[in-house]
Structures are given as C-alpha cells and as structure tokens.
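Novice: Quick one: structure below, then a few questions.
Chains as they are written, first to last, in the working numbering: chain A, 191 to 992; chain B, 4 to 278.
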C-alpha cells in the first residue's frame with residue numbers, strides 16, 4: 191500500500207467512526223476521556239497474551255473499565271518482560287467497532303436480533319430432537335474451564351462424542367508423534383532448553399515470525415556474547431533464515447529423508463549413544479495395516495532399513511547438499527553439544543506428520559540428545575491453550591481428560607465415576623474428527639449425513655478448514671443443517687451461521703490456559719464485554735440447564751442433581767445459568783478444581799487454582815513438597831528433575847508404549863506427497879502465517895498497527911518464475927489449483943523468498959481465502975490435513991495458462 | 004541525460020525542451036506543453052513518496068549541473084573511480100552540524116514538552132507501546148535498522164532515534180512499518196474496513212519534585228528505556244532534551260518508580276519449589 195492509500199484509508203476509518211457514533215447516538219467523549227487521562231489511575235494486572243502458544247504473560251493496564259495499555263510482564267519466565275507486536279497491541283482487539291453484541295438469528299439472507307433466552311431455547315430444541323446428531327467444534331483458544339465444561343456437557347450430558355477442535359488442523363500430528371514415541375503426549379523439555387542449547391535446529395519452522403518471543407530468547411543470547419549455531423531446515427527463506435548460520439533448503443515432503451539421513455550417519459559412524467539406546471530405547475517399524483503402535487524391530491533391522499539413506503541419496507531426494515547432511519550427522523554425533531529441535535506447522539501439517547515427528551524424536555533419542563538442559567526435541571503450538579484445553583482436557587473426538595481415551599472402557603468408567611453419572615453414559619464409539627465431522631455436516635441426511643447441528647466456539651472454520659469447497663460450503667445448501675457460531679466479530683463462518691452468539695473475549699472474562707511448555711496460567715476478568723456479549727462457558731452452562739429444566743435425562747447425575755452444580759460455602763446452589771448470578775462465584779475455579787484430579791492419571795498434575803493465581807504459570811507435573819509448597823517440573827522423564835521418575839534412575843519413560851520404561855525409536859520411509867507439481871500445475875503451494883496476523887485475522891485485522899503493517903494477503907514467488915510469466919512485483923495474478931482459484935497480488939523478493947517452482951500464501955485474509963485452494967489429504971493417524979503442499983499454477987489476469 | 008533532466012527542477016527542463024523540435028510553431032507549442040505537463044506530472048507524482056523524496060531530496064543548488072560527474076562504464080571505473088563530489092561533501096559537513104553540542108543552551112518549556120510527547124504518540128498505540136516505523140523497510144534484517152538507529156541519526160530534519168533499550172536482534176518482532184512493505188495497494192479495503200475504538204494511555208503522569216528545584220522523579224517505567232539519552236540526549240526532541248547532558252548517572256538524582264517497573268514481584272510469594 192502506498193502512502194496515499196494509507197491516508198485515504200485512515201481518513202475513511204475516521205469518517206466511518208464518526209458516522210457510526212452519530213448513527214448510534216453515542217457519546218463521542220468516551221475514547222477521548224480515557225485517552226487524556228494520565229497513567230497514575232491505571233490498574234495493572236497479569237494476563238497471558240490472547241494469541242499464540244508461546245504463552246507470554248502481559249501486564250494489562252485498565253482505566254475506567256477499558257484496557258488502555260499493555261506491557262510485557264517482567265516477572266514472567268516465558269517472556270521476561272518482552273512481547274511481540276501482536277502482544278503489545280492485543281488491547282485493541284476488544285475495541286473493533288463491529289464487535290458482535292446481540293444474539294442473531296438467520297432470517298433469509300439477513301439476521302435478526304433475538305434475546306439470549308430464545309437463543310438458548312433454539313439450541314436446546316436442536317439437541318433434544320436428536321442428541322447424537324449434535325456436535326461441537328471447538329478450539330485451542332478455549333480456556334481450560336471452557337473446554338472442560340464442554341467436555342462434560344457433551345460426553346456425560348448430551349451423550350455425543352462429536353466434539354473436536356481446530357487443533358486437529360494444528361498439532362494433532364505432534365500428539366500422535368509423542369504418543370507413538372513416549373506413550374504419552376506433550377514435550378519432555380521446556381523453553382529452558384532454548385537458554386541452554388548450543389545448536390538450535392528449526393525444522394520447517396519460522397519462529398522469528400510465528401513464535402517471536404521464543405526466537406528472541408535464543409538470538410538475544412548472541413548479543414550477550416554467547417555462541418549458538420542456528421540451522422534453518424526449510425522450504426523457503428524466511429526472516430528466521432536471516433539469523434541462521436546454516437540454511438538447508440529441501441524439496442517439500444523430503445524432511446523424512448533428511449531425518450533418516452542423520453540416523454543413517456549416526457548408526458554407520460557408530461556415533462549414536464549406545465548406552466542411552468541400550469538402557470532406554472526400543473526400535474519400531476510400521477505394521478501392516480498401519481497402527482500408531484507399529485511393530486517391534488531389532489537394531490539390525492533398523493540399521494538395514496536406513497541403509498539406503500546415504501548423504502548422497504538424501505541429497506538426490508531432498509536437494510540438501512550431502513555435506514550439509516554430514517554436518518547434521520556430526521552435530522548429533524557429538525555428545526558434548528546440547529541440541530534442541532523446534533518445529534511447528536511444517537512438520538505437523540503434513541500427510542506424514544506422525545512419521546516425521548517420530549523420526550525427529552528418534553534422532554534425538556538415538557544420539558542421546560535428550561533430557562539434559564538444552565537437549566530436547568520440542569514441538570511448538572500455535573494457540574494459547576492447544577496444550578491446556580485440547581491435549582490435556584481432551585476435547586478431541588477420541589479423547590477424555592488427563593490423557594484418557596474413549597476407546598478404553600476403564601478410562602470411560604473413570605470419568606463416569608468422577609462425574610457421578612451412571613456407567614455407560616459416555617458412548618463407547620469415538621466421535622468424528624474435524625474433517626469427517628465437516629464432511630458429514632455437508633452430507634444430506636438422505637445420503638447418510640448424521641450430524642444435523644454444529645456449535646462452533648472460538649474458531650473460524652469457514653476460513654481455516656482446508657478445501658472449503660468440499661467440506662464447508664456444501665452444508666449451506668442443506669436445509670436440515672443448522673450452524674451455531676459463538677464469536678466476537680463477524681467472520682467467514684458467521685456469514686454462513688443460522689444462529690450467532692456474541693461472546694466475551696480475553697480479559698472480558700476469567701480464564702486458565704496451557705502453553706507449549708506445559709505451563710498452566712490463570713487470569714481474572716478485568717473489563718466488561720460489550721452489549722449482550724457473554725462468556726462462552728456461560729453459554730454452555732445455560733444450554734445444559736435449559737435441557738435439565740426440560741427433563742433431559744443426560745443433564746442429571748446419578749443422584750438426579752444437575753451436572754454443573756456449584757455450591758457456595760453454605761452448600762446452597764448458585765444458579766450460575768442465570769447470567770445475573772454468573773459472577774456470584776468464580777465459575778472458572780469450580781470447573782478447574784473439578785478437572786484437576788483427572789490430570790493425575792498420567793502424571794500431568796496441574797497446579798491448584800490458587801497457586802496459579804500467585805504465579806506466572808506453573809509447568810506440570812506440579813507436585814506438593816512435604817512442606818506444603820508446590821514444585822513444577824522442567825525436564826520430564828529425567829531423574830534429576832521429574833518427581834515421577836523412580837529414585838536412582840537417570841531416565842524413565844514411565845508411559846512407554848511397550849510398558850518397559852523405554853521410548854521408541856521409529857523407522858519410517860520417505861515417500862512422495864499425495865499431490866506433487868506436474869505439467870498442468872507446476873508449482874508447490876505452501877500456506878502459512880505472518881508475524882502481524884494471528885491465524886484467520888479475525889482479531890488482528892481489526893488492529894490498526896497490525897493491519898497497516900500487513901494489509902492483505904499476497905502470493906510470494908521467485909523472481910525467475912515471475913519473469914517467465916511476465917509478472918511484475920505487486921501485480922494481481924490468478925492462482926489456481928485443482929480445487930479452486932483466486933486473485934491476489936504477487937510479491938517478489940518480499941518477506942519470504944520461496945525457491946523456483948514454489949509459492950507461498952498466508953491464510954489470514956478473509957477476502958482472499960487460500961483454503962478454497964488447499965487439499966484435504968491428511969495424516970493417517972492424526973487426521974491432520976496438509977496445508978503446506980499441493981500443486982498450483984499462476985497466470986496473468988486475462989491470459990490462458992500455457 | 005534523461006535522468007538528470009528528470010531530477011532537476013522544472014524550469015531547467017523547460018529551457019532544454021523549447022528549441023529545435025518540429026517545423027511549425029503549433030507543434031513546438033504542443034510539444035512544449037506535453038513536456039511541461041510530463042515534468043509537472045512527474046513532480047506531482049513524486050510528492051506522495053515523501054520518504055523517498057527526502058532520502059534523495061537535495062535541493063537544486065546542492066546538485067547543480069557543473070558538479071555532476073558523467074556516468075562511466077565498468078572498464079572506465081578502474082582508471083577513474085568514483086569520488087564524493089565537492090557539493091556532496093559540503094552538504095555532509097552541514098548535516099553533521101545538526102548534532103547539538105553538549106554545552107548548547109537547552110530550551111525547556113511545558114509547551115515544548117507537550118508537543119514532543121504528542122509527537123511521540125503519533126507512532127504509538129499508547130504510551131509504552133513499541134513505536135511503529137514511519138518509513139518503509141526493505142525486509143533485510145536487523146543491520147538495516149541498526150545502520151541509523153544504533154547510534155541515532157539526525158539528518159535533514161529527520162530524526163532516527165537511537166534505540167532506547169538493550170540491543171535485540173529481531174527488530175521487526177515489535178516494530179512494524181506504518182504502511183507495510185507490500186508492493187500492492189489494498190484494493191479490497193472496503194470489504195473489511197478498519198475501525199477500532201481503542202483509546203490508549205497517553206501519559207504515564209508527571210515526575211514529582213520534593214520542592215521547587217529538586218530533581219523530578221522518573222514519570223515512566225525504565226523497562227525498554229534503559230538508555231535515557233535515547234529520548235533525553237542532545238539529539239532528542241526539544242522539550243524532552245536534558246539541560247545537563249554531561250551528567251551521565253541519571254538515576255543518581257532521578258528516582259525511578261518501583262510500581263511502574265513492576266517491582267516488587269508479588270508480596271510474600273516464595274520462589275517455586277522453595278519453602
């Protein structure tokens with residue numbers, strides 16, 4: 191955007207603002223009143239940032255009921271006083287003028303305002319009519335209490351397992367990776383490894399933009415005179431690359447070959463850690479049919495399968511120079527170094543996501559670069575509570591809280607017991623995972639579509655699902671389908687909703703979230719939500735109560751009591767479903783403390799709520815010392831730190847899939863991607879994020895500083911590809927795949943630099959929906975789709991493709 | 004010569020463009036008008052590019068024709084390498100004079116202070132927010148930023164403030180360009196207009212003096228502002244500039260605020276894992 195457009199934009203914004211104020215007869219004074227006040231009246235309180243999975247703690251300044259400033263929390267271990275540009279401007283996300291403020295019901299092509307009472311009735315009607323066809327599609331942005339309430343509401347109350355989150359699109363493969371290697375989910379290491387490592391390898395990861403505060407934690411060590419080797423294994427040059435000593439560019443999908451190449455060298459040169467492997471590892475290969483558990487193989491078989499992954503072969507497949515593969519092999523072969531691997535969407539949004547996750551864990555285990563400070567394979571998450579709410583509370587189609595699974599009868603019994611509901615209340619059949627859920631929602635009842643109603647909370651599937659033409663839009667043509675969306679702004683999803691519920695967000699409500707390093711954080715409500723917007727958790731409790739009042743059996747426990755009963759000190763029930771009474775008690779604390787004992791099963795003990803209030807988060811397992819104090823865990827499975835490792839053991843993988851305290855080193859072969867460039871569609875298309883915007887941009891596109899810095903989506907392409915097509919920088923072009931096409935401007939030599947034959951498009955812009963073009967092929971275990979690789983072509987506007 | 008003609012002022016170009024062309028007077032006039040329009044159009048067009056213009060914005064006399072060296076081929080470069088021309092050297096000297104001396108008298112009035120503070124807020128969502136970047140960036144990494152902001156630079160009325168906090172390598176993590184760096188206009192702006200009612204904190208407050216003449220306390224946090232000279236040094240905005248830059252131990256007299264600096268942590272909180 192040039193300066194004139196910018197000025198025009200600003201002027202227009204100001205004009206609309208003024209008009210909106212006139213139209214609503216608003217006092218124009220409020221903004222100005224707050225703004226001119228000095229800082230001494232500001233009240234400061236901690237809250238984790240609303241955005242990514244890093245989990246920075248912020249200090250939020252509130253004056254006259256409005257957020258007026260934000261500062262990094264100096265006493266927070268995660269960010270040590272720093273934030274990123276999104277974090278610093280997070281206060282503005284509350285104040286976009288198009289916030290949803292009233293429940294809205296579809297009326298033809300329009301929406302009409304309705305009251306909450308009617309909205310709750312509509313949902314209760316849909317559930318009562320056919321509970322098994324009711325589903326909830328949630329999010330890693332749900333707070334832990336919200337997710338837990340929905341978990342209980344669905345499994346024990348409605349009796350439907352059709353509950354899945356957007357995290358399926360985000361870190362499901364990391365979960366299956368952890369499960370297949372350690373038998374239990376979530377990283378062993380923490381961010382402390384970033385302070386201690388000598389070598390940091392980023393696998394298809396761009397933390398300079400996506401996890402900037404963590405990235406700074408590493409690169410700023412250099413400013414203090416420390417030496418650290420940064421290696422970027424990527425498919426395009428990014429801002430991260432600029433900070434790295436080594437950039438190894440690989441052909442998409444060949445990361446498996448690279449990992450195998452490293453393992454090959456470790457075994458061949460006998461530089462693997464014999465003792466560690468001998469004592470703590472088993473070897474594993476794929477079974478037929480594929481299962482997450484695979485089958486036992488011997489070290490000899492493992493060696494044999496790696497045979498062909500010589501540096502030269504890996505170079506041929508991946509394009510990474512054989513010498514670079516040798517360099518990686520030497521680094522891993524050196525036990526004196528501390529090596530941390532980081533990854534995020536590059537490895538997770540991958541049709542071989544589980545496999546590549548397992549391989550990277552494997553080379554760390556094989557080389558013994560595990561469990562010492564600085565030695566860790568660490569996956570990062572993208573949402574503030576992907577770990578806390580999705581992975582720990584288990585808001586997945588197949589999961590229950592605390593690492594339990596629906597398929598396991600004992601696990602179901604444990605939850606039924608805890609919730610005091612009769613045995614058999616939780617259906618034994620797992621629900622539909624995200625892609626299947628939405629595909630089913632797009633399938634007419636007459637053709638076997640089971641799900642008739644979906645309630646979406648805190649996410650925007652109309653923009654973030656892959657291949658929207660196949661798994662999102664068709665539902666709109668079907669009269670029997672009903673879409674309920676709780677959100678804070680109009681989105682690509684609310685556009686298609688039948689019922690829209692306005693929600694409170696971030697510090698308009700209290701919350702508890704869990705970040706990428708097993709840290710659970712808590713905050714209190716600080717300001718009021720606008721209009722009639724209400725907490726997502728209240729919405730769920732209100733529907734539950736409405737069903738209870740109508741006599742819906744599922745909402746009663748064994749004693750006939752309402753499933754969500756909160757009592758005050760005199761043991762009298764607090765009617766929190768009545769919004770006037772919702773804030774009479776700390777509902778978050780009740781729900782969280784109800785959930786907490788469920789985390790002990792797999793040694794994921796989260797800290798008591800009251801401890802969280804006093805800390806900037808604590809990393810589980812959090813156990814109580816003899817003196818009554820609570821202690822967190824930085825290095826899981828390591829004897830020197832993890833309280834659950836038996837006395838005297840250096841390491842103990844106490845949830846080993848093989849039941850012998852050993853982690854599994856897997857072999858997975860490299861294979862080609864389901865859709866690769868060909869003559870017709872000669873380019874690789876990769877999608878992703880940018881620093882300024884968070885996911886689908888619902889919040890950040892409404893923040894002036896962020897919007898102006900990155901006003902719209904674009905397609906990054908290589909100079910020579912552009913030259914061949916006679917495309918100039920900034921020119922609007924047509925991007926096409928077999929699934930759809932769109933127009934967007936080309937950016938040549940921009941922020942990211944894809945190699946020849948490769949293009950990149952960010953997915954934040956709801957006006958240029960790249961997911962009309964992406965593929966819905968997914969990992970066989972995690973069911974996570976691959977947004978990073980499909981075949982595409984570009985043409986100039988008005989020209990046929992040659 | 005076309006480049007030079009474009010870069011010089013309109014009247015020079017007109018002088019060049021009037022003779023020789025065509026036979027009839029009509030064509031001459033027509034051509035003169037076309038050229039004049041083109042030249043005017045060019046300058047009107049460049050007006051939008053404020054920063055671009057300022058970077059190259061030497062006045063006509065600063066780059067008068069007699070001083071311009073002709074372009075040369077690569078083979079010629081060996082024998083006659085480029086040197087700074089005299090005019091350029093002269094203007095560089097003039098530019099360096101924009102750094103005021105330590106002993107220069109400093110004017111401090113409430114009005115100047117207020118003006119300086121509101122100028123600061125033009126590039127901040129609220130007092131304490133990382134300033135946005137009021138010029139385009141080239142996405143070339145931290146060296147690009149540090150070239151001007153490392154030590155600070157004042158050039159032709161434009162001030163590049165020296166960084167106020169310790170060196171951090173990932174500059175664009177916090178500081179983003181105000182107009183982005185995409186080469187394309189946002190043609191679909193109307194489909195998602197920007198309209199936000201956030202009203203940020205404008206001032207932390209004022210420093211307090213125990214008595215007239217006593218040194219005021221620091222009215223803002225020290226976090227991210229460890230280098231006082233960034234905002235209060237000799238190059239700083241009038242109104243914020245210190246009257247005594249030779250005194251370098253600022254906190255000796257100006258007490259910081261524990262509250263604003265988020266100290267103490269939390270009362271009676273034991274460290275994790277210890278009694």
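Ideal Cβ placement from N, Cα and C applies to all residues, glycine included.
For clarity, every value in this text was computed on a predicted model and none was experimentally measured.
Under the rule that 16 or more other beta-carbon atoms within 10 Å means buried, what is residue 239/B, buried or exposed?
Specialist: buried
Novice: With a cut-off of 8 Å, do at least 3 Cβ pairs link the region 870 to 889 of chain A to the region 949 to 959 of chain A?
Specialist: yes
Novice: Determine the chain B residues that contact residue 937/A at a beta-carbon separation under 7 Å, and present them in chain order.
Specialist: For the C-beta of residue 937/A, the chain B residues within less than 7 Å are, from N- to C-terminus, 185 and 186.
Novice: Would you call the region 154 to 171 of chain B and the region 223 to 243 of chain B touching, i.e. three or more CB-CB distances under 8 Å?
Specialist: yes
Novice: Can you tell me which of the three DSSP states residue 535/A falls into?
Specialist: helix
Novice: Can you name the start and end residues of the beta strand (DSSP E) that residue 419/A belongs to?
Specialist: 419 to 424
Novice: Using a C-beta to C-beta distance shorter than 7 Å, which residues of chain B count as neighbours of residue 1037/A?
Specialist: Since the first residue of chain A shown is 191 and the last is 992, residue 1037/A is not available in this structure.
Novice: Does the beta carbon of residue 477/A come closer than 7 Å to any beta carbon on chain B?
Specialist: no
Novice: In three-state terms, what does DSSP make of residue 281/A?
Specialist: helix
Novice: Could you tell me the alpha carbon to alpha carbon distance between residue 209/A and residue 806/A, rounded to whole angstroms?
Specialist: Interpretation of residue 209/A is limited by its pLDDT of 44, a score under 50 that renders its predicted location unreliable; no figure is taken from the coordinates.
Novice: According to a CB-to-CB cut-off of less than 8 Å, which residues of the region 414 to 435 of chain A neighbour chain B?
Specialist: Residues passing the 8 Å Cβ filter: 429, 432 and 433.
Novice: Buried or exposed: where does residue 950/A fall if 16 or more other Cβ atoms within 10 Å of its Cβ makes it buried?
Specialist: buried
Novice: Using DSSP's beta-bridge definition, name the partner residues of residue 252/B.
Specialist: Under DSSP, residue 252/B takes part in no beta bridge, so it has no partner.
Novice: Should residue 675/A and residue 646/A be called a contact, given that it needs their Cβ atoms to be closer than 7 Å?
Specialist: yes
Novice: Tell me where the beta strand (DSSP E) around residue 382/A begins and ends.
Specialist: Not the beta strand (DSSP E): residue 382/A falls in the alpha helix (DSSP H), residues 382 to 386.
Novice: Does at least one heavy atom of the ligand NAP sit under 6 Å from the Cβ of residue 129/B?
Specialist: This structure lacks the ligand NAP; in fact it carries no ligand of any kind.
Novice: Could you please tell me which residues of the region 108 to 136 of chain B, in chain order, have their CB closer than 8 Å to any CB of chain A?
Specialist: 128, 129, 130, 131, 132, 133 and 135
Novice: Round the Cβ separation of residue 979/A and residue 459/A to the nearest angstrom and send it over; I've been treating them as touching at under 8 Å.
Specialist: Their Cβ separation, rounded to whole angstroms, is 32 Å, which puts residue 979/A and residue 459/A out of contact at 8 Å.
Novice: Which residues bound the beta strand (DSSP E) around residue 856/A?
Specialist: 853 to 856
Novice: Would you mind working out which of 544/A, 570/A and 587/A sits nearest residue 531/A, comparing C-alpha positions?
Specialist: Nearest option by C-alpha distance: 570/A.
Novice: Taking only the alpha-carbon atoms, compute the straight-line gap between residue 987/A and residue 940/A and give it to the nearest angstrom.
Specialist: 21 Å
Novice: Output, in chain order, the set of chain B residues within a Cβ distance shorter than 7 Å of residue 405/A.
Specialist: 173
Novice: Looking at chain A, is there any beta carbon in it that lies within less than 7 Å of the beta carbon of residue 200/B?
Specialist: Taking Cβ atoms only, chain A reaches closer than 7 Å to residue 200/B, which makes this a yes.
Novice: Specify whether the region 630 to 638 of chain A and the region 295 to 315 of chain A touch according to this definition: at least 3 beta carbon pairs, one from each stretch, less than 8 Å apart.
Specialist: no
Novice: Put residue 195/A into one of helix, strand or coil per three-state DSSP.
Specialist: Unreliable positioning characterises residue 195/A in this predicted model, as indicated by a pLDDT of 49, which lies under 50. The coordinate reading is nonetheless provided below. DSSP places residue 195/A in helix when its eight states are reduced to three.
Novice: How about residue 767/A and residue 735/A: do their beta carbons lie closer than 7 Å?
Specialist: yes
Novice: Check for me: the alpha helix (DSSP H) holding residue 547/A runs from which residue to which?
Specialist: 543 to 556
Novice: What first and last residue would you give for the alpha helix (DSSP H) that runs through residue 239/A?
Specialist: Looking at the DSSP string, residue 239/A is not in any alpha helix (DSSP H), and its letter there is neither H nor E.
Novice: Report the three-state DSSP secondary structure of residue 786/A (helix, strand or coil).
Specialist: helix
Novice: Which class does residue 173/B belong to by DSSP, given the choice of helix, strand or coil?
Specialist: coil
Novice: Pull the bridge partners of residue 373/A from the DSSP assignment, please.
Specialist: Paired residues: none, contrary to the question.
Novice: Just how far apart, CA to CA, sit residue 298/A and residue 192/B?
Specialist: Computed Cα separation, rounded: 27 Å.
Novice: Can you tell me where the beta strand (DSSP E) holding residue 752/A begins and where it ends?
Specialist: Looking at the DSSP string, residue 752/A is not in any beta strand (DSSP E), and its letter there is neither H nor E.
Novice: Just reading off the alpha helix (DSSP H) that residue 493/A is part of, what are its end residues?
Specialist: 489 to 496
Novice: Identify whether residue 512/A lies in helix, strand or coil by the three-state DSSP scheme.
Specialist: helix
Novice: Going by alpha carbons, who is nearest to residue 121/B out of 29/B, 104/B, 201/B and 207/B?
Specialist: 207/B
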